[in-house]
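Each residue of the sequence shown is one higher than the one before, counting from 0 in numbering that gives the first Met the number 0.
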Amino acid sequence: MVSDTNKTSDEKLIEEVFNGNMMSFSILIERYSSFVFQIVIKITGDREFAEEITQDIFLKVYKNLHKFEFKSKFSTWLYRVTYTTTISANRKASRLFLVEDFEQQYSNEIYEKEAEVEWLDKGQLNMAFKKALSDLDE
0 MVSDTNKTSD EKLIEEVFNG NMMSFSILIE RYSSFVFQIV IKITGDREFA EEITQDIFLK
60 VYKNLHKFEF KSKFSTWLYR VTYTTTISAN RKASRLFLVE DFEQQYSNEI YEKEAEVEWL
120 DKGQLNMAFK KALSDLDE
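Structure, rendered in structure tokens:
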């Protein structure tokens with residue numbers, strides 16, 4: 000059991016987590032939550048999104064703690080996990096926003112042309128679909 004949480008090294012806490020002491024992982028979260036959140040908010044610029052990603056990061060850290068090899072400081076390893084996870088989540092979110100932007104921009108046009116599409120045969124529909132895809136690439 001951890002006696003003095005401020006003096007217990009990260010390495011000792013990690014070893015205790017490996018031995019089943021969940022309180023030790025809670026101490027790591029408490030110790031590093033601000034550190035992780037500050038990195039995430041700087042990258043995303045969105046507080047709510049940053050809070051969500053921060054939770055995801057600590058879940059990922061817990062699941063992958065066995066991969067920490069004690070060759071560097073825990074904070075260095077945690078920074079790397081934080082950075083890569085945040086960049087990945089940010090990219091996924093950006094793609095989602097692009098789809099939403101597309102839908103908002105073209106929804107009226109799509110609904111206006113809906114009647115026309117109903118009267119197209121399969122060949123015409125296929126050509127219209129290919130044209131729409133090529134327009135997206137531009």
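Quick reminder that beta carbons are idealized off the backbone N, C-alpha and C, glycines included.
Which of helix, strand or coil DSSP assigns to residue i
i      : result
GLU68  : coil
ASP142 : Only positions 0 to 137 of the chain appear in the structure, and residue 142 is not among them; the question remains open.
GLU50  : helix
ASN18  : coil
THR7   : coil
ASP134 : helix
Nearest-angstrom beta carbon gap, residue j and residue i [assumed within contact, 8 Å]
i     : j     : result
THR84 : ASP55 : 7 Å
LEU64 : ILE13 : 6 Å
PHE48 : ALA92 : 7 Å
ILE86 : ILE42 : 7 Å
Contacting residues, own chain, Cβ-Cβ under 8 Å from residue i (five flanking each side not counted)
i      : result
GLU115 : Residue placement at GLU115 cannot be trusted, given a pLDDT of 47 that sits under 50; what the coordinates show is reported in the next sentence. There are no such residues.
LEU74  : Per the sequence shown, residue 74 should be read as Ser rather than Leu. Once the five neighbours on either side are set aside, the close Cβ partners of SER74 are ASP9, TYR31 and PHE34.
TYR82  : ILE38 and ILE42
Residues near residue i by beta carbon distance below 7 Å, same chain, minus five either side
i     : result
VAL60 : LEU77 and VAL80
PHE24 : VAL16 and TYR61
LYS11 : none
ILE40 : ARG46 and ALA49
Beta-carbon proximity list for residue i, same chain, < 6 Å, skipping 5 on both sides
i     : result
PHE67 : TRP76
ALA88 : ILE52
LEU27 : LEU12
Residue-level contact to chain C via CB, residue i, 8 Å cutoff
i     : result
ILE86 : In the structure shown, chain C does not exist; there is a single protein chain.
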